[in-house]
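Student: What follows is a structure written as structure tokens; I'll ask about it next.
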Amino acid sequence: MTLQNENTGVGKGGIVLFAKRPGFTSFSSLFTIKHALETSKVGHTGTLDSFASGLLVVCTGPLTRLASRITEFDKSYDAVIEFGRETDTLEWTGNTVRTAPFPGKDAVAAAVALFTGTLMQKPPLFSALHVNGERASSIARSGRQADIPARPVTVFGADIEEYLTASGGGVKAVRVKFSVSKGTYIRSLARDIGESCGSAAHLAGLRRLSVGSFRLEDAAGAALLAPFSIESVYKLIQSAVPAKSAGKYIPDEIELSLQNEVRAKLC
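With our numbering applied, the sequence shown covers 419 to 685.
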């Protein structure tokens, strides 16, 4: 899907919707777009963590000036929250900092419903936010504590799609579709929902579905993404490829196919 194209021709200017695959960084996804359009001038409108998948809205050429405006758009996500363990990064690759029993289904439903509307949310310590001129994630990795104040965000909707029951009882995981304002951290929602229902939690899987009126199903590479479910998230975790080496695992034919699709959706 292409909304605008300034000056016809590859490498001039446009908006590209790209489906990022899990295990790849947002930066490595830009590599495909740069090569497809023969340009180094690209600007993303909000990154996704390496474990996450879904929609990246990328501006190229003169339209990179629109990136900051698109970043302000509301977004929607499909998320799998796993209970019983909280990590330092608030997602499954982090180190465990707290464990707790699995919650009951009623407690989970009540907690998810509680976190709608305008909330004061404390961002993750591992984030791209800056504290006194230094990136919060750099502070956290050095073993120091960053004082990140809570800030207002809005959760427009939170709909439970499925549960996974633990073998010994209680809810092991829940899949929730969230519609949120800019700046909302789904990892923080996972942490807070876990605390609210008397457990601990982290984000096991995440897929961005939309940015404003842009939709994942219109993105280049969307057909390569597996259907998102609790089961598919756990399969992915079991076979995960480290993000730093993910680029070595892209077959040439898939990379070329993606580049062709990017060109087709821009022109």
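The beta-carbon is built from N, C-alpha and C at its ideal position, and this holds for glycine as well. Since we're looking at a predicted model, the values are computed, not measured.
1. Going by the beta-carbon positions, is the gap between Ser468 and Thr443 smaller than 8 Å?
2. With DSSP as the reference, identify every bridge partner of Gln539, one or two as the case may be.
3. So Ala529 and Ile611 are in contact, right, with Cβ under 8 Å, and what is the actual spacing, rounded?
4. To which residues of the same chain is Ala454 closer than 6 Å at the C-beta, ignoring the five residues directly before and after it?
5. If you pair each beta-carbon of the stretch 587-597 with each one of the stretch 501-513, do three or more pairs fall below 8 Å?
6. Only counting runs of 3 or more residues, tell me where the beta strand (DSSP E) segments fall wholly within the stretch 442-518, in order along the chain.
7. Would you mind sorting Ser458 into buried or exposed? The rule is 16 or more other CB atoms within 10 Å of its CB.
8. Rounded to the nearest angstrom, what separates Thr412 and Ser628 at their Cα positions?
9. To which residues does DSSP link Arg593 through a beta bridge?
10. Going by alpha carbons, who is nearest to Phe632 out of Lys452, Gln563, Tyr495, Phe533?
11. The beta strand (DSSP E) spanning Ala525 covers which residue range?
12. Counting beta carbon pairs with one atom in the stretch 474-482 and one in the stretch 599-616, are three or more of them shorter than 8 Å?
13. With H, G and I counted as helix, E and B as strand and the rest as coil, what does DSSP make of Arg681?
Tutor: Quick answer:
1. Working through the sequence shown from its first residue, we reach residue 468 at position 50. Working through the sequence shown from its first residue, we reach residue 443 at position 25. Cβ atoms of Ser468 and Thr443: closer than 8 Å.
2. Stepping through the sequence shown from its first residue, residue 539 is reached at position 121. Its beta-bridge partners are Arg569.
3. Looking up residue 529 in the sequence shown gives position 111. Looking up residue 611 in the sequence shown gives position 193. About 5 Å; that satisfies the 8 Å criterion.
4. Here residue 454 corresponds to residue number 36 of the sequence shown, with the count starting at 1. The answer, listed in chain order, is Gln677, Val680, Arg681.
5. yes
6. 460-462, 471-478, 493-501, 503-505, 514-517
7. What you label residue 458 is simply residue 40 of the sequence shown in a count that begins at 1. Counting Cβ neighbours within 10 Å, Ser458 comes out exposed, since fewer than 16 surround it.
8. The first residue shown for the chain is 419 and the last is 685, placing residue 412 beyond what the model contains.
9. Along the sequence shown, one-based indexing puts residue 593 at 175. Beta-bridge pairing links Arg593 to Val498, Glu580.
10. Translated into the one-based positions of the sequence shown, residue 632 becomes position 214. Nearest C-alpha to Phe632: Tyr495.
11. Along the sequence shown, read from residue 1 onward, the residue named residue 525 stands at position 107. Premise fails: Ala525 lies in the alpha helix (DSSP H), 523-532, not in any beta strand (DSSP E).
12. No, the stretch 599-616 does not touch the stretch 474-482.
13. Within the sequence shown, residue 681 is the residue found at index 263, counting from 1. Residue state for Arg681 is assigned as helix, using DSSP reduced to three classes.
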